[in-house]
Amino acid sequence: MSSWPLFGPKTVISSRFRAVFTAAMFSMVSAYILILTDNVAAGQLVGEKAVVSMTLVVPLLTFIIFVSYLIADGLAMMLSYAMGRGDREQVDRLFSMGVLLALGMGGLFALSMWALRTHLLGFWDISPHLMGYVQDYYDGLLFYAPLMFLNVFFYTVFVAEGQERVCVVGSVCAFVVNVLLDICLCLRIGVMGVGIATTCGLGAAVLVQLYFLRGGRSRLHFRWYWNTNDVLHGVLYSFYHSLDTLLLALLPLALSSCVLHHFSEAYIIVVTVTVNLLTFIVALYTGVVDCLQPMVCQYHAENNLPSIQKTMATGIRATNIISLAIMVLGMAVSGILPQLFGVRDEQMVAEVSMAVCCFLLFIVFLGSTLMYSNYYIYIEKRNYGACLKFLLLLGFPYIGMELGAAYSLNGMMLGTSAAFLAAFAFNLWWTRKSGRLFLDREMLTRQYSYDIDCSVEAVIGLSKLVQRMMAARGLSVHRANLLALLVEEIGMHANQRAKGAFFQLEFSILLGKSPEDDITMIVRDNGKPYDIIKEALQGKHSFREYFIESITANFPRRHYWVSGDENRMTLVIGERG
């Protein structure tokens, strides 16, 4: 079985992980380049004051983005749980409520920005000339909120549905529209054009998403539905999941306060460089989080513990490799980073460089612990996940920076970095009895998961292995042979569909407490969508499809679910199976 350096062996899970991670990284890089393009366009085509005015509006945009994740994240988690249960009706309801909430909140924000324009802009005591630029940029963003809310919600839902390619196309369209309008509008109407270009770029992304939702190109369907309790639950889940965003906004304040208290104003540049580096690092981690959230939530709803284990192993592996790469690269360019932020004094460059190296020393523990804290929220241990996030991103770092600052600036940054190690160690200690994933160990011994490609040799080999393993578990000869037969027939059917271009299969077998209890078999593959049972019942079947349908006809449950990049068949074998 082939493998990828970042994601491990090529399986259904790692293939899914790679697809989502690539889309998330593309979207993130596009967003960063657009921010840079907006600033460059304003600076080159309007002037330095235009860039300053845009900076003053950034806190408002950051708040809008934070609210957009409050709307999207929780409902997307609930939507993933519904997918894991195979409840398409609930998926459509949650999707519809998200759209209505995004439109309603977006309209409210747009109206508030228009009505409170004078009061919001009045917070800044700046010159009339600069205020003119701020007002122009602000006016160009009046419809930013509803489009951002819709864009973020559609993005999270499409990722959960396995249709992240739509997000990539949307990002490309947003990028092209934004850049072209930046140039055209800046030359004509100044900095207001930058705001309009940003809004229109978001609008282009939303139009792409809406186009995909219509005409049968998506399995999501909008309906007029509202359940206040579900919405409130979604917002609550979102708050837990987005808590790291809030804490990361507070960490720079703590660092700045510590620098001013123990050193001098001149060393604030250390905080500036470090926080910008941290923002970039967390953005990379977000790509991994985007992969973990839908997958872990779906497997949690299925009670599929081995797949949860494999998903988290892939996520932690990717996070650690990213962290180590950042640490090595960051230390290598630490002497250049201060100069990029305008530091010219050689001694200050050296001090900032050493401080950055101290901060990066334990960064690998930040990534893995952040992944675990999000994981605990996905498996509904929300309070512990939130507690761990607080300790990781604010509690321990504050203690570490204060203790280290008593010795030196480098000690302050080293103390902050060591806090990530402390949070990692705390999590190890707290979960020492239950295990870091909080999985039921007794249940885990009754669950099996196998990854193969759909070659004939792999399928036949797995069929024989399953027969031996199930017989060793005490299952009757009939049930053990039935499971082995299902593996062989479904696997060989996949081999025929593949036509030489082998894709991956995952067979999960979930046993009950006794050999006579119901058995659940979950089969996943990342080939093209294909519902064996439906094809057989419609009379379009091959002999193998007819045979599979026949031997499963009396099962208590047969359910097929398709997402953008995988097929899932769930079979429940009853006591008489």
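Using the numbering used here, the first residue of the sequence shown is number 112, and each one after it goes up by one. Glycine included, C-beta positions come from ideal geometry on N, C-alpha and C.
**Study point:** Arg655, enclosing alpha helix (DSSP H) - first and last residue
**Key:** It spans 654-663 - the alpha helix (DSSP H) in which Arg655 sits, taken as one unbroken run.
Exercise for review: Express the C-alpha separation of Ser625 and Thr356 in angstroms, rounding to a whole number.
Suggested key: The straight-line gap from Cα to Cα measures roughly 46 Å.
Exercise for review: Taking 7 Å as the cut-off, decide whether the C-beta atoms of Cys469 and Leu525 are in contact.
Suggested key: If you check the CB distance, Cys469 and Leu525 come in under 7 Å.
Review point. Given 8 Å as the limit, is there contact between the segment 339-350 and the segment 370-386, that is, 3 or more CB pairs closer than that?
Key: Not touching, per the Cβ criterion.
Point to revise | Sub-7 Å separation of Val384 and Leu448 beta-carbons | key: Their beta carbons are under 7 Å apart, which means Val384 touches Leu448 by this criterion.
Check your understanding: Given Glu627, which residues of its chain have a CB within under 7 Å of its CB, disregarding the five upstream and five downstream residues?
Key -> Cβ within range, chain order: Glu686.
Check your understanding: Are the Cβ atoms of Cys278 and Ala134 separated by less than 7 Å?
Key -> Cβ distance < 7 Å, so Cys278 and Ala134 count as in contact.
Exercise for review: Using the Cα positions of Asp250 and Leu219, report the straight-line distance between them to the nearest angstrom.
Suggested key: Looking at the two C-alpha atoms, the distance is approximately 16 Å.
Practice item. Give the straight-line distance between the Cα atoms of Ser545 and Val570, rounded to the nearest whole angstrom. Key: Cα to Cα, Ser545 sits roughly 35 Å from Val570.
**Study point:** Range of the contiguous alpha helix (DSSP H) that encloses Arg543
**Key:** Looking at the DSSP string, Arg543 is not in any alpha helix (DSSP H), and its letter there is neither H nor E.
Review point. What are the uninterrupted segments assigned as alpha helix (DSSP H) that are 4 or more residues long and contained completely in the segment 228-308, given in chain order?
Key: List check, alpha helix (DSSP H) in window: 228-232, 239-251, 255-271, 275-300.
Check your understanding: So who's on the other strand from Arg679, going by DSSP bridges?
Key -> Answer is Arg635, Trp672.
**Study point:** Pro120, DSSP secondary structure in three states
**Key:** In this structure, Pro120 counts as strand in the three-state DSSP scheme.
Review point. Can you give the Cα-Cα distance for Val202 and Asn521, rounded to whole angstroms?
Key: Counting only the Cα atoms, Asn521 lies some 51 Å from Val202.
Review point. Do you know how far the Cα of Asn665 is from the Cα of Ala394?
Key: Taking the straight line from one Cα to the other gives about 49 Å.
Check your understanding: Which residue's Cα is closest to the Cα of Arg330: Pro640, Arg655, Arg127, Ala605?
Key -> Taking only the C-alpha atoms, the option nearest Arg330 is Pro640.
Exercise for review: Look at the Cβ atom of Gly273, then the Cβ atom of Ser528, and state whether they are nearer than 7 Å.
Suggested key: Annotated as distal: Gly273 and Ser528, with beta-carbon spacing of 7 Å or more.
Point to revise | Counted within 10 angstroms of its Cβ, other Cβ atoms place Ser282 as buried (16 or more) or exposed | key: By the Cβ neighbour-count rule, Ser282 is buried, with 16 or more other Cβ atoms within 10 Å of its own.
Review point. Counting Cβ pairs, one atom from each stretch, are 3 or more of them under 8 Å apart for the segment 245-259 and the segment 391-408?
Key: Short answer: they don't touch.
Point to revise | Beta-carbon proximity of Ser141 to Phe286, cut-off 7 Å | key: Yes, they are a contact pair.
Point to revise | Distance between Val270 and Ala316 (C-alpha atoms, nearest Å) | key: Those two C-alpha atoms are separated by around 15 Å.
Check your understanding: Per DSSP, Ser619 forms a beta bridge with which residues?
Key -> Paired residue(s): Ser560, Ile633.
Point to revise | C-beta contact flag for Phe132 and Ser125 at 7 Å | key: No Cβ-Cβ contact shorter than 7 Å links Phe132 with Ser125.
Check your understanding: Can you give the Cα-Cα distance for Ile630 and Leu622, rounded to whole angstroms?
Key -> Straight-line spacing of the CA atoms in Ile630 and Leu622 works out to 5 Å.
Point to revise | Three-state class that DSSP yields for Ile684 in the structure shown | key: In the displayed model, Ile684 falls within a strand according to three-state DSSP.
Practice item. Check whether the segment 548-564 touches the segment 606-621, taking contact to mean three or more Cβ pairs, one atom from each stretch, closer than 8 Å. Key: The segment 548-564 is in contact with the segment 606-621.
Check your understanding: How about Ile684 and Glu600: are their beta carbons less than 7 Å apart?
Key -> Going by C-beta atoms, Ile684 is not nearer than 7 Å to Glu600.
Check your understanding: Are the segment 295-305 and the segment 175-192 in contact at 8 Å, needing three or more beta carbon pairs?
Key -> The segment 175-192 and the segment 295-305 do not touch, with fewer than three beta-carbon pairs separated by less than 8 Å.
Exercise for review: Would you tell me roughly how many angstroms separate the C-alpha atoms of Asn494 and Gly602, rounded to the nearest one?
Suggested key: Their Cα atoms are separated by approximately 42 Å.
Review point. So what's Tyr641 in DSSP terms, helix, strand or just coil?
Key: DSSP places Tyr641 in coil when its eight states are reduced to three.
Point to revise | Delimiting residues of the alpha helix (DSSP H) encompassing Lys500 | key: Unbroken alpha helix (DSSP H) run through Lys500: 493-501.
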